[in-house]
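In my numbering, the protein residues as written are 1 to 369.
Notes for the one structure printed next.
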């Protein structure tokens with residue numbers, strides 16, 4: 001992997017022919033002292049905003065405004081995909097449609113072409129009683145289409161997309177392209193839905209959650225959902241199996257591979273209601289926590305580090321961050337991030353931590369349907 005300096009990396013991360021934009025948005029130099037200006041320029045920016053009076057739209061807009069606005073974030077980028085976390089049809093476990101609506105509206109107001117894409121892991125068609133986790137894995141396109149449509153319909157995303165007049169894309173099936181990934185930890189090439197290849201900016205919009213494999217689900221972990229099911233299976237058993245040959249979680253290394261294969265340039269964390277304990281679902285033992293905040297940033301690692309910190313985790317507790325650092329991603333310390341909006345002390349609370357198990361101990365998860 002070619003070494004680049006920190007400033008170059010903060011501008012772009014090039015992998016093959018794919019460029020992932022991690023531009024930070026910085027304070028005007030004219031209002032800063034010389035040393036403060038230098039420190040600010042070198043720091044990625046993450047905004048933290050409290051949701052007041054249940055006004056999610058206002059909180060999302062303020063979080064984006066603290067990053068200098070949607071037009072600044074999307075300069076030079078016309079086609080944008082919003083990727084929520086719709087792991088299942090349970091409203092308790094997923095990104096709230098209000099967050100996606102606010103972002104899509106802001107993007108269309110800025111003249112951008114917006115779509116919503118997801119490849120959900122579980123829905124009624126692949127629930128099987130008696131199987132560990134009650135979820136089976138399939139590469140069958142007809143079943144994958146049925147799974148995704150049931151999730152979109154059940155969570156109100158089909159109606160939302162219709163109201164917004166934006167396309168809703170099933171990332172499991174359709175035309176695929178292979179993306180070269182030199183230096184990939186698990187894969188040297190990754191199959192991606194053509195819509196992801198064609199997009200100029202991918203915006204990850206996760207629900208803040210704990211996770212039994214990855215410890216936390218935030219912006220980068222959310223991209224596991226763009227590995228297409230018709231290639232890797234509904235619950236991505238093939239992904240985890242290959243990644244477990246590299247590291248025990250069977251997850252972290254594959255997360256960084258998929259991040260590097262995409263143009264992830266904005267993360268907006270839905271922490272209106274978060275999840276602690278044995279996430280990523282209430283049915284598996286996750287407990288809901290009223291947090292009432294939105295966290296946003298253009299540097300995925302920095303944004304996720306802030307999210308994890310708010311949950312009471314140190315960065316080196318998160319295997320995904322460790323593998324991101326191995327890939328040369330920055331920052332490596334929470335002190336190297338400029339926080340705008342609320343102070344972290346005012347919004348943080350210790351979450352109940354999940355019992356993290358290696359993928360090998362979940363070998364029965366996701367057997368063939």
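Backbone N, C-alpha and C fix where the C-beta goes; we use that ideal spot for every residue, glycine too.
Please read all numbers here as calculations on a predicted model, not as lab measurements.
Cβ-based neighbour list, residue i, same chain, cut-off 7 Å, excluding 5 preceding and 5 following
i	result
residue 337	43, 44, 46, 302, 305, 306 and 331
residue 51	59, 272, 292, 293 and 294
residue 352	276, 277 and 287
residue 230	139, 141, 144, 172 and 173
residue 91	155
residue 290	273
Same chain, Cβ closer than 6 Å to residue i, five either side skipped, listed in chain order
i	result
residue 239	227, 232 and 254
residue 369	126, 136 and 138
residue 341	47, 48, 49 and 66
residue 169	115, 117 and 195
residue 371	Limits of the chain in this structure are 1 at one end and 369 at the other, which puts residue 371 out of reach.
residue 284	278
residue 164	104
For residue j and residue i, the rounded distance between their alpha carbons
i	j	result
residue 202	residue 80	6 Å
residue 356	residue 63	31 Å
residue 335	residue 193	37 Å
residue 190	residue 261	7 Å
residue 200	residue 361	38 Å
residue 149	residue 235	16 Å
residue 104	residue 82	8 Å
residue 161	residue 167	6 Å
residue 177	residue 312	39 Å
residue 159	residue 85	17 Å
residue 221	residue 252	8 Å
residue 281	residue 93	5 Å
residue 197	residue 345	39 Å
residue 109	residue 267	19 Å
residue 70	residue 107	7 Å
residue 367	residue 122	13 Å
residue 298	residue 265	5 Å
residue 175	residue 119	14 Å
residue 212	residue 157	27 Å
residue 315	residue 111	37 Å
residue 102	residue 245	40 Å
residue 61	residue 296	10 Å
residue 349	residue 343	13 Å
residue 153	residue 263	27 Å
residue 317	residue 339	21 Å
residue 53	residue 333	33 Å
residue 134	residue 243	23 Å
Beta-bridge pairing of residue i - partner residues as DSSP gives them
i	result
residue 84	205
residue 299	Residue 299 pairs with nothing; no bridge assigned.
residue 341	48
residue 368	137
residue 79	113
Check whether residue i and residue j have beta carbons under 8 Å apart
i	j	result
residue 216	residue 327	no
residue 249	residue 325	no
residue 218	residue 269	yes
residue 319	residue 241	no
residue 347	residue 300	no
residue 257	residue 321	no
residue 56	residue 205	no
residue 151	residue 97	no
8 Å Cβ shell around residue i - same chain, five flanking residues per side excluded
i	result
residue 9	In this predicted model, residue 9 has a pLDDT of only 34, less than 50, meaning its place in the structure is not dependable enough to derive any value.
residue 145	170, 172 and 173
residue 210	216, 217, 275, 276, 277, 278, 279, 280, 286, 311, 351, 352, 353 and 354
residue 113	78, 79 and 80
residue 95	84, 85, 86, 205, 206, 207 and 270
residue 323	185, 247, 252, 253, 255 and 256
residue 224	236, 239, 251, 254, 255 and 258
Neighbour flag for residue i against chain B, beta carbons, 8 Å
i	result
residue 319	No chain B appears in this structure, which consists of one protein chain only.
Whole runs of the alpha helix (DSSP H) within the region 155 to 238, excluding any shorter than 4 residues | 157 to 164, 194 to 198 and 229 to 232
Whole alpha helix (DSSP H) elements within the region 312 to 339, 4-residue minimum | Listed in chain order, the complete alpha helix (DSSP H) runs (minimum 4 residues) inside the region 312 to 339 are 319 to 326.
Those runs of the beta strand (DSSP E) which lie wholly inside the region 85 to 147 and span at least 3 residues = 113 to 118
Output the residue ranges of the alpha helix (DSSP H) runs that lie fully inside the region 235 to 306 and measure 4 residues or longer, sorted by chain position.
-> 237 to 243 and 252 to 261
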